[in-house]
Amino acid sequence: MKPKILQDGLLRTDIRITETGEETVETLDEVRKVYSSKGGSYEALRGVSLSIRRGGFYSLTGPSGSGKSTLLHIMGMLDSPTSGKIQYLSRQVGDLPDSSLSRLRGDEIGFVFQAYNLVQRMSVLRNVMLPMSFSTKIHAAERRERAMDLLERVGMLGKENKLVLQLSGGEQQRVAIARALANRPSLIFADEPTGNLDTENSGHVMGLLREINEDGGTIVVATHDQDIARFATKHLKLRDGSLVGDEI
Amino acid sequence: MVSELGRLSISSIRRHKLRSVLTTLGIILGVGSIVGMVSLSASFENSFLSSYSNSFLPNEFAVGVGMESLGGGSAQYNIVPLPVFTQHDLNAIGKISGISSVLPMGQITTTGQNAVTVNNSTIFAASVTGTTSALGGFLPLCNGTAFSSTGQAVVGYSVARTVASGLHSNDTSSALGKVISVNFGRNVSGSFQISGVLADSPIGYNDLVLVNLSYYHETSLLNGTEVAAYTGLLVLTGSVSQLNSVEQATVSYLKESSQARYILNDYSNLKMGFITVSNAQVVQFIVSSVQQFSGFIIALGSVALLVGMIGIANIMLVSVSERMREVGILRAIGAKRSEIAIMFLIEVSIMGVIGSAVGLLFGFSLALIILKLGIFGSSGTPLIIDWVWVPIAILLGIAVSLLSGMYPAYKASRILPTEALRNE
Ligand SMILES: Nc1ncnc2c1ncn2[C@@H]1O[C@H](COP(=O)(O)OP(=O)(O)OP(=O)(O)O)[C@@H](O)[C@H]1O
Ligand SMILES: [Mg+2]
């Protein structure tokens, strides 16, 4: 990994998305992330400030190692920043204890990963229902029906009883999208969702995300693929841990 | 939520069958040996006490000479048949308050291998003792009556079985009327018709051949004069509650005012003294020997449990590190740290419950097999299952597994989801 010299003030770019008239779902203010290990420390995010508006379809691009996954995890409350503030709607996320944070994450955020990250030994249906069991948002009696609706939406109806290991990569990612939608989240974060897929399947997955966005879903897709980024309508560009622009 | 975590736990257990079996092995062995031994010991005690409840009197004790230091029930087996108790002493003891009657016992020294025979075949281990026809009041009979003439004998249960046709016969009544021969040595012998059989006794009377006291001729020197003296006495007290104080009073009398104390002095050998052994003491001794043995096995079982706990903790740690990604996934979709811990605790306690259930079966079977095989001379002893052990064992299994699963579960709850989800 090439050493990155921190030149404070020079590389840091502050981009605030400030279109008016749209509700802000999440705001990051001067978020830094420093990874420390025995070999030293590395600043992966160097003061990132941004706002995510409801209904937005964002791409997050940048070269490998620029901090896309790190930023996505922090926005998704899966990781905490070393410094800086995160506000989700009216709440200061940094003040929340783990249990509240986990609930908030389960209720309000859906993740889609490059490696799908489904529970291999469970059925497709169980995987989609799993987030609902950690939440109170969907009533227990409605969970199966909702999961089936979601599977229908991603074109996986009829395969609900298959085990995850019996599915192709494209199919797994569609199930993962259904799972991400399980609790009607306000935000969906997808980290290289097409990274392991061929062009056809990539198109299918991005098409699904676009549909979700058209239905009102707020989505952030991290990718280094410009064709994928073009599905989005707003763009965030990272370089060396800093936002450097709003183009692809 | 819990049901979903439980589902994940169960599927994890089922996916790693061998590992799960290994995990539960410590619990199975630990719980099994504890439960098995407790059942075994309870079975022994029960069958022992019930089958012998009619064969000895609880308000009885024996008086003899023996190693005082050994004490307790073991003294029964250390009584030395020294002729020290004179008729004078017997009468005096009979007057001690709380004592209702005294029976003289004179062990007759027989010679040669063929001391006691029936139809010319030897009855091994038989020990001939002279006493009075009052014996029935001291030693319960299961067949017949005490002898009423010098030509009759009362025999112990084992002797009767041999006479009746061998060891495997429990029908001792057919020994009644049979004739046994006793070789008293110096070419003196006698024939005795069996008039009664002593009830099966746990306390050492099964090999007795009781004949009229007139066959007993031992004497001892008391101040230079030869006097008749018995080798032992059987004493009945008015009630069981008086037993201890009466035993003490008897020993005090023997030590302080008896003729026997002078006679015993002349047998200046070793550290012999007057001892009393109550039937209850002997029974208690036998029962406690069994309990000591099972205590030992229970200790082993506890060690197995402890070792099992370390094993469980280890295997769970492996399981946790193998399931990092799964933990990361669950955290990403909303699981709290505590819920991750709960998932692993559910998993380990399911194995605990299964382990202790199998351990229970294993323990009961072990006890049954030991009883059936007749190890420890227990054949025919019915298995006593104390159902209290079922919930205790299950709780024990859960407690042990939870305890050993705590640290791995804590580790799992501390897994950083971002680390766990990092692309491979
Ligand atoms: N746990 C960690 N410890 C130390 N350094 C880390 C850790 N996670 C990420 N990094 C470093 O932080 C930087 C940003 O990583 P991140 O995964 O966010 O990049 P990315 O933009 O997602 O890259 P890619 O496109 O390859 O996925 C990288 O240099 C990476 O090596
Ligand atoms: Mg990445």
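Residue numbers (my numbering), protein chains in the order written: chain Y, 45 to 292; chain X, 10 to 433. By construction, the Cβ of each residue, glycine as well, lies at the ideal position given by its N, Cα and C atoms. Just so you know, these numbers come straight off a predicted model, no measurement behind them.
- Task: Could you tell me the distance, in whole angstroms, from the CA atom of I359(X) to the CA atom of G406(X)?
- Result: 9 Å
- Query: On the premise that M200(Y) lies in contact with R223(Y), defined as a C-beta separation below 8 Å, what is that separation, rounded to the nearest angstrom?
  - Reply: At roughly 11 Å, the Cβ-Cβ gap does not stay under 8 Å, so R223(Y) and M200(Y) are not in contact.
- Query: Is it buried or exposed for T180(Y), if we count other Cβ within 10 angstroms and need 16 for buried?
  - Reply: exposed
- Proximity of Y225(X) and I117(X) at Cβ, strictly below 8 Å: yes
- Message: Is there a Cβ of chain X sitting closer than 8 Å to that of M166(Y), yes or no?
- Response: yes
- For H117(Y), decide whether its Cβ has a neighbour in chain X, counting only Cβ atoms nearer than 8 Å. yes
- Indicate, with yes or no, if ligand 3 has a heavy atom lying under 7 Å from the CB of K206(Y). As for ligand 3, it is missing from this structure, which binds only ligand 1 and ligand 2.
- Just the C-alpha distance for S204(X) and T154(X), rounded to the nearest angstrom, thanks. 6 Å
- Query: Based on the DSSP secondary-structure assignment, which residues constitute the bridge partners of H279(Y)?
  - Reply: S103(Y)
- Message: With a threshold of 7 Å on Cβ separation, who are the neighbours of L377(X) within its own chain once the five nearest residues in sequence on each side are excluded?
- Response: L392
- Item | Alpha carbon of A322(X) to alpha carbon of V336(X), nearest angstrom | 18 Å
- Message: Between Y345(X) and chain Y, is any beta-carbon pair separated by less than 8 Å?
- Response: Here residue 345(X) is Lys; the residue named in the question, Tyr, does not match the sequence. K345(X) counts as touching chain Y.
- Outcome for Q96(X) when other beta-carbon atoms lying within 10 angstroms are tallied against a minimum of 16: exposed
- Which one of V264(Y), N227(Y) and I272(Y) has the shortest CA to CA distance from N240(Y)? I272(Y)
- Can you pull the chain X residues whose beta carbon is under 9 Å from the beta carbon of D151(Y), in chain order? G343
- Within 8 Å (strictly less), CB to CB, does T427(X) reach chain Y? yes
- Query: So what's M173(Y) in DSSP terms, helix, strand or just coil?
  - Reply: helix
- Message: Beta-carbon within less than 7 Å of S365(X)'s beta-carbon, same chain only, minus the 5 sequence neighbours each way: which residues are those?
- Response: I36, V40, A402, I403, L405 and G406
- Looking at C-alpha atoms only, which residue of V367(X), M10(X) and G372(X) is the closest neighbour of M176(Y)? M10(X)
- Task: Could you please give the first and the last residue of the uninterrupted beta strand (DSSP E) stretch that includes E186(Y)?
- Result: Unbroken run through E186(Y): none, as it is neither H nor E.
- When you compare only the Cα positions, how much space is there between L133(Y) and T68(Y)? 7 Å
- Message: My parser needs the beta strand (DSSP E) runs of 3 or more residues fully inside the stretch 327-353 of chain X; what are they?
- Response: none
- Message: Is there a Cβ of chain X sitting closer than 8 Å to that of P125(Y), yes or no?
- Response: no
- Message: Among the candidates R16(X), S29(X) and V47(X), whose CA atom is the shortest distance from the CA of F305(X)?
- Response: V47(X)
- Query: Can you tell which of F275(Y), G247(Y) and G213(Y) has the C-alpha that lies nearest to the C-alpha of N257(Y)?
  - Reply: F275(Y)
- Helix, strand or coil for P113(X) per DSSP? strand
- Item | Residue span of the alpha helix (DSSP H) that contains T32(X), given as start and end | K26 to S60
- Task: With DSSP as the reference, label E236(Y) as helix, strand or coil.
- Result: coil
- Task: For the stretch 198-222 of chain Y, enumerate the residues whose C-beta is nearer than 7 Å to any C-beta of chain X, in chain order.
- Result: none
- Query: Does L430(X) come within less than 8 Å of chain Y when only Cβ atoms are used?
  - Reply: yes
- Task: Measure from the C-beta of R147(Y) to each C-beta in chain X and report whether the shortest distance is under 8 Å.
- Result: yes
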